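All residue numbers for the sequence shown refer to my numbering, where the first residue is 1 and numbers rise by one.
C-beta: ideal position from N, C-alpha, C; glycine also.
Everything numeric in this text was worked out from a predicted model, so none of it was measured.
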Amino acid sequence: MRPLEKPSFDEWQASLCAVCGSFETHQDASRKFVGSVSKQDLDGLEIAYITTNVQRMIHRRSRSHNDDRFCFLVLQRAGTAIFRQFGEEVFLHSGHMVLMDSGSPFEINPQGLTDQVSLHLDREKVCGILPEHVKKFGRLQLGSVSGRLLHLIVGQLLMDTQRPLSQAEGDSLQDSVIPLLRPALQGGHETPSIYHLDDLYQLATHEIEKNLKSPRLDAETLAVLVCVSVRKLYRCFENQGESVHGYIVKRRIQRAAQDLIDPQLHVRSISAAAYEWGFCDPSHFSKAFKKVYGCSPKEYRANFLMLANAEDSIYVNRP
């Protein structure tokens, strides 16, 4: 889970170095600092979550910190940033991915507030897949089959991080991801629009149904799952007269409502139904439920039971 407290700049920088290796960072004096860093270790596969609005993040290799163990596969979840390494630079929008080599210096320049997820891949394994002359840096071509597969794998990982993995699974995930890097870096052409809006809507709603129970499901994660930018995802739902957030909440409430009147689930509490369908706060669930059905979840369940009992009584007393 993301930390709830708001760290100071110095605390954030210390956390960044502890999670990702040695970094020199520079604040933007024109704005108040915002940042958080957290890490999950999926039994051998580390995932770092980094949110910040600093001006510069500079990685300088330090042998004492053993900083060359990883290649970073970074997903730009939200915002934009410039990544520089080996005299080259790439500009990432939300939904884009880049590979970086911790064995050499690099720099990241967030353009305002950014949210990034970094998979820490075994550098030796990456070097074993990529030819020596190929730099371990570059934006992944999401128009290629390999790029789309990587995008989907990372997106699904972000949805499933609450489930513990075995050591074998952590290693297998890396072994699945790393071979896709070479064709994703070298092959295919970046396509600004992989799907027609109507097709994208069908795909997005399908992914929503699959992941509806996950509290992590939001527009940024959904964009990763369907391999498009958050902006295009918003436009897709606006084209249907909806919003991404509104559609997710609506479907969660509808599924929770079905559970509330299911005779086999009559002992389940309202709070349990809320948690089951991705709500983290029962009071928020009740307010959202009332907006859709015009009554509280408790009243909805009671009204249904009253109608069901009345129908049973009519059936029993029928001549």
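Under the three-state reduction of DSSP, which class applies to Lys39: helix, strand or coil? What you label residue 39 is simply residue 39 of the sequence shown in a count that begins at 1. Collapsing the DSSP output to three states places Lys39 in a strand.
Taking the beta strand (DSSP E) that Asp281 belongs to, which residues open and close that run? Stepping through the sequence shown from its first residue, residue 281 is reached at position 281. Neither: Asp281 is in no beta strand (DSSP E) and is coded neither H nor E.
Does the distance from the C-beta atom of Val117 to that of Leu152 stay below 7 Å? Taking the sequence shown and counting its residues from 1, one reaches residue 117 at position 117. Taking the sequence shown and counting its residues from 1, one reaches residue 152 at position 152. No, the Cβ-Cβ distance between Val117 and Leu152 is not below 7 Å.
Range covered by the beta strand (DSSP E) that runs through Thr52: Translated into the one-based positions of the sequence shown, residue 52 becomes position 52. From DSSP, the beta strand (DSSP E) with Thr52 extends over Glu46 to Thr52.
Based on the DSSP secondary-structure assignment, which residues constitute the bridge partners of Glu24? For this step, residue 24 is matched to residue 24 along the sequence shown. Note: Glu24 sits in a beta bridge opposite Ile58.
Could you check how far apart the C-beta atoms of Met306 and Thr221 are, in whole angstroms? I think they sit under 8 Å. Residue mapping note: residue 306 aligns to position 306 of the sequence shown, counting from 1. Residue mapping note: residue 221 aligns to position 221 of the sequence shown, counting from 1. About 40 Å separates the two Cβ atoms, so there is no contact after all.
Under 7 Å between C-beta atoms of Cys236 and Arg148: Here residue 236 is taken as the residue at index 236 of the sequence shown, counted from 1. Here residue 148 is taken as the residue at index 148 of the sequence shown, counted from 1. With contacts defined by Cβ atoms closer than 7 Å, Cys236 and Arg148 do not form a contacting pair.
Is it a yes or a no for the region 50-62 touching the region 17-26, going by three-plus beta-carbon pairs under 8 Å? Enough Cβ pairs lie closer than 8 Å, so yes.
Tell me, please, which residues DSSP counts as bridged to Ser118. Translated into the one-based positions of the sequence shown, residue 118 becomes position 118. Bridge partners of Ser118: Ala48 and Val74.
Just checking my contact of Gly278 with Lys210 at CB under 8 Å: how many whole Å lie between their CB atoms? Counting from one through the sequence shown, the residue named residue 278 turns up at place 278. Counting from one through the sequence shown, the residue named residue 210 turns up at place 210. Wrong, their Cβ atoms sit about 12 Å apart, outside the cutoff.
Hey, Val249 and Ala219: beta-carbon distance below 7 Å or not? On the sequence shown, position 249 is the one that residue 249 refers to. On the sequence shown, position 219 is the one that residue 219 refers to. It is not a contact, given that the beta carbons lie outside the stated cut-off.
Nearest CA to the CA of Ile178: which residue from His120, His196 and Ser144? The sequence position of residue 178 within the sequence shown is 178, counting from 1. That would be His120, whose Cα lies nearest to the Cα of Ile178.
Is the beta carbon of Met100 sitting closer than 7 Å to the one on Phe106? Residue 100 sits at position 100 when you count from the first residue of the sequence shown. Residue 106 sits at position 106 when you count from the first residue of the sequence shown. In contact: Met100 and Phe106 (Cβ atoms closer than 7 Å).
Any idea what DSSP makes of Gln264, helix, strand or coil? Reading the sequence shown from its first residue, position 264 is the one you call residue 264. Secondary structure at Gln264: helix, using DSSP grouped into helix, strand and coil.
Host beta strand (DSSP E) of Glu107 (start-end): The residue given as residue 107 occupies position 107 in the sequence shown. Unbroken beta strand (DSSP E) run through Glu107: Phe106 to Pro110.
Could you name the residues of the same chain whose beta carbon sits closer than 8 Å to that of Asp354, not counting the 5 residues immediately before and after it, in chain order? Any answer about residue 354 is impossible in this case: the structure gives the chain only from 1 up to 319.
What do you reckon, are the CB atoms on Ala382 and Pro110 nearer than 7 Å? Only positions 1 to 319 of the chain appear in this structure, which leaves residue 382 out of reach.
Can you list, in chain order, the residues of its chain with a C-beta nearer than 7 Å to that of Leu181? Leave out the 5 residues immediately preceding and following it. Translated into positions along the sequence shown, residue 181 becomes position 181. Taking Leu181 as the centre and dropping the five residues before and after it, the same chain places the C-beta of Leu99, Val126, Ile129 and Leu130 closer than 7 Å to its C-beta, in chain order.
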